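Student: Before I ask anything, let me first share the structure, which is written out below as structure tokens.
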Amino acid sequence: MMTADEITALRSKHYNATVVSLRTTNPDLMVVRVKPDVGVPPHKAGQYSTLGMGQWEGRAPNCQEETPKPGEEKKLIRRAYSISCSILDERGELFDQANSDSLEFYIVLVRQSDGQAPALTPRLFLLEEGSRVFLGEKIAGHYNLEPVKPTDNVIFLSTGTGEAPHNYMTWELLRRGHQGKILSACCVRYRQDLGYLPTHETLMSRHANYTYLSLTTREAVNTGHKVYIQDLITSGQLEERLGDTLDAERTHVYLCGNPKMIGVPTVERATGNVIYPETLGVVEILERRGFRIDQPALKKKGTIHFEEYW
Ligand SMILES: Cc1cc2nc3c(=O)[nH]c(=O)nc-3n(C[C@H](O)[C@H](O)[C@H](O)COP(=O)(O)OP(=O)(O)OC[C@H]3O[C@@H](n4cnc5c(N)ncnc54)[C@H](O)[C@@H]3O)c2cc1C
Ligand SMILES: NC(=O)c1ccc[n+]([C@@H]2O[C@H](COP(=O)([O-])OP(=O)(O)OC[C@H]3O[C@@H](n4cnc5c(N)ncnc54)[C@H](OP(=O)(O)O)[C@@H]3O)[C@@H](O)[C@H]2O)c1
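Residues are numbered in my numbering as their position in the sequence shown, beginning at 1, plus a constant of 5.
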């Protein structure tokens, strides 16, 4: 058992940022803004940072029990988080993100996991305004708008909190006065898991080139009628709502969240054969239609971009 003084010392050694605002859109979902002590590092919309809290911190109730490992009591637990954006401010104007001294994160509480007990989110859900926390000094990631031309169509497809980087990229596109169409779709279990829904509705009423589609899978109306992101594409509904065809040359598709929705294939070393996951994902559907994955590290260009959350 650590003393209060030991905990204070560990916090002041490791924590370098302050929670400046926190909104829980439901008990398991939060939008939190964190202000780093040394200023916001340079970054692009779509990228991610890391948040961290000490193993010594308490955990939210009704989460899977953790079996503490001896010697790890003073460990800092870190996880990657995409930077999100509220897009609009309280007055309904485009948020002044460029001059903001804080970063926004959109986080779901993982209460239970198949493997080890979730380590960080049960702790993050005890944060309050004014709490101290660790924020990574660098912001990284290839998931950004660099390859998008002003007239390209941009499609953001996500599950759950996977819409976080899409919100920031949407803000960036609106700020730039993007001329192509922008469609953002998010699939969640329940309607209450759509943490930014009112903002998207406002944006749709203001920007003729912006469409937001939400899908739920576990509401009563979904009994026997579950529509996944993949079904949006195969049914033709996505193109219908976009008001355009999915042309790989002028459409960038961004995929973020549950890896099963994304469905990244592996390439067999010996044969070079592409092997798609058993569950049909968006990548396979789009590759059949002439899209290719963008692989900056391999210098292979494409218009499918993805960020897997686990
Ligand atoms: C690049 C990147 C960006 C990320 N951005 C975000 C973000 O913006 N918001 C966010 O909530 N999470 C995000 N994550 C996931 C995050 O890093 C943590 O894994 C997550 O918050 C759970 O942490 P944990 O320690 O409680 O549990 P962990 O031990 O890390 O995860 C336990 C299990 O929870 C499930 N899980 C993890 N993350 C999610 C999620 N977001 N939604 C649904 N199930 C999940 C998976 O099954 C995972 O195996 C991101 C991950 C990566 C790699
Ligand atoms: N209210 C709550 O209690 C609550 C709410 C949300 C999350 N959580 C917790 O948060 C964690 C993460 O949940 P999450 O809902 O954010 O993320 P998630 O489990 O990844 O689910 C997000 C959405 O993706 C869908 N999905 C699942 N498999 C898919 C596939 N193969 N292809 C396409 N879509 C697929 C889900 O539908 P399905 O319905 O088919 O899974 C759901 O609509 C969980 O551990 C949970 O405990 C709790």
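The C-beta atom is built at its ideal place from N, Cα and C for all residues, glycine as well.
The model shown is predicted, which means the values in this text are computed figures rather than measured ones.
Does ligand 2 have even one heavy atom less than 7 Å from the beta-carbon of residue 217?
Tutor: The residue you call residue 217 lines up with position 212 of the sequence shown. Outside the cutoff, so no.
Student: So what's residue 300 in DSSP terms, helix, strand or just coil?
Tutor: For the purposes of this step, residue 300 is identified with residue 295 of the sequence shown, where counting begins at 1. Residue 300 falls in the strand class under three-state DSSP.
Student: In this structure, how does DSSP classify residue 179 when only helix, strand and coil are distinguished?
Tutor: Mapped onto the sequence shown, residue 179 falls at position 174. Helix, per DSSP.
Student: Answer yes or no: the CB of residue 84 versus the heavy atoms of ligand 2, is any distance below 7 Å?
Tutor: In the sequence shown, residue 84 corresponds to position 79, counting from 1. Checking the Cβ of residue 84 against ligand 2 gives no.
Student: DSSP on residue 264, reduced to helix/strand/coil?
Tutor: To locate residue 264, count along the sequence shown from 1; it is residue 259. Looking at residue 264 - three-state DSSP - the assignment turns out to be helix.
Student: What's the C-alpha gap between residue 271 and residue 289?
Tutor: Residue 271 sits at position 266 when you count from the first residue of the sequence shown. Residue 289 sits at position 284 when you count from the first residue of the sequence shown. Taking the straight line from one Cα to the other gives about 11 Å.
Student: Assuming residue 174 and residue 14 make a contact with CB atoms under 8 Å, what is their CB distance in whole Å?
Tutor: In the sequence shown, residue 174 corresponds to position 169, counting from 1. In the sequence shown, residue 14 corresponds to position 9, counting from 1. Going by Cβ atoms, the distance from residue 174 to residue 14 rounds to 40 Å, so no, they are not a contact pair.
Student: How long is the line joining the alpha carbons of residue 73 and residue 133, rounded to whole angstroms?
Tutor: Locating residue 73 in the sequence shown gives position 68, where the first residue counts as 1. Locating residue 133 in the sequence shown gives position 128, where the first residue counts as 1. Approximately 24 Å between the Cα atoms of the pair.
Student: Is the segment 141–150 touching the segment 237–252, taking contact as three or more C-beta pairs under 8 Å?
Tutor: Verdict: no, contact absent.
Student: Where does residue 92 fall in DSSP's three states?
Tutor: The residue you call residue 92 lines up with position 87 of the sequence shown. In this structure, residue 92 counts as coil in the three-state DSSP scheme.
Student: Is the segment 95–112 in contact with the segment 38–46, if contact means three or more CB pairs nearer than 8 Å?
Tutor: Yes, the segment 95–112 touches the segment 38–46.
Student: Give me, in chain order, the residues of the same chain whose beta-carbon lies closer than 6 Å to that of residue 259; leave out the 5 immediate sequence neighbours on both sides.
Tutor: Along the sequence shown, one-based indexing puts residue 259 at 254. Cβ neighbours of residue 259 beyond the five flanking positions: 161, 310.
Student: With distances taken Cα to Cα, identify the nearest neighbour of residue 227 among 78, 193, 213.
Tutor: As a working mapping, residue 227 is identified with position 222 in the sequence shown. The shortest C-alpha separation from residue 227 is found at 193.
Student: Restricting to Cα atoms, I'd like to know which of 25, 257, 189 is closest to residue 220.
Tutor: As a first step, residue 220 is located in the sequence shown; it is residue number 215 there, counting from the start. Taking only the C-alpha atoms, the option nearest residue 220 is 189.
Student: Report the start-end ranges of each beta strand (DSSP E) in the segment 220–291 that is 3 residues or longer and not cut off at the edges.
Tutor: Counting only runs of 3 or more, we get 256–262.
Student: At a cut-off of 7 Å, would you count residue 74 as near ligand 2, judging by its Cβ distance to the nearest heavy atom?
Tutor: Counting from one through the sequence shown, the residue named residue 74 turns up at place 69. False, no ligand heavy atom lies under 7 Å from that Cβ.
Student: Check each candidate in 301, 256, 63 and name the one with the smallest Cα separation from residue 295.
Tutor: Position 290 of the sequence shown, counted from the first residue, corresponds to residue 295. Among 301, 256, 63, the Cα nearest to that of residue 295 is on 256.
Student: Taking the alpha-carbon positions, what's the residue 33 to residue 165 distance?
Tutor: Residue 33 sits at position 28 when you count from the first residue of the sequence shown. Residue 165 sits at position 160 when you count from the first residue of the sequence shown. Whole-angstrom Cα-Cα distance: 11 Å.
Student: Is residue 173 near ligand 1, going by C-beta to nearest heavy atom under 7 Å?
Tutor: Working through the sequence shown from its first residue, we reach residue 173 at position 168. The answer is no for residue 173.
Student: State whether the segment 272–281 contacts the segment 202–215, with contact taken as three or more CB pairs (one from each stretch) at a distance under 8 Å.
Tutor: No contact exists between the segment 272–281 and the segment 202–215.
Student: Just how far apart, CA to CA, sit residue 274 and residue 303?
Tutor: One-based indexing of the sequence shown puts residue 274 at position 269. One-based indexing of the sequence shown puts residue 303 at position 298. In a straight line, the C-alpha of residue 274 is about 15 Å away from that of residue 303.
Student: Identify the residues that DSSP records as bridge partners of residue 6: which are they?
Tutor: By 1-based counting over the sequence shown, the position of residue 6 is 1. Per DSSP, none; premise fails for residue 6.
Student: Would you say the beta carbon of residue 231 comes nearer than 7 Å to a heavy atom of ligand 2?
Tutor: Counting from 1 along the sequence shown, the entry for residue 231 is found at position 226. Under cutoff, so the answer is yes.
Student: Which one of 128, 252, 84 has the shortest CA to CA distance from residue 61?
Tutor: Stepping through the sequence shown from its first residue, residue 61 is reached at position 56. Ranking the options by Cα distance to residue 61, first place goes to 128.
Student: Skipping 5 residues on each side, what residues in its chain have a beta carbon closer than 7 Å to that of residue 267?
Tutor: The count along the sequence shown starts at 1 and reaches residue 267 at position 262. The residues are 260, 286, 287, 288, 311, 313.
Student: State yes or no: is the C-beta of residue 311 nearer than 7 Å to some heavy atom of ligand 1?
Tutor: Within the sequence shown, numbered from 1, the residue matching residue 311 stands at position 306. Outside the cutoff, so no.
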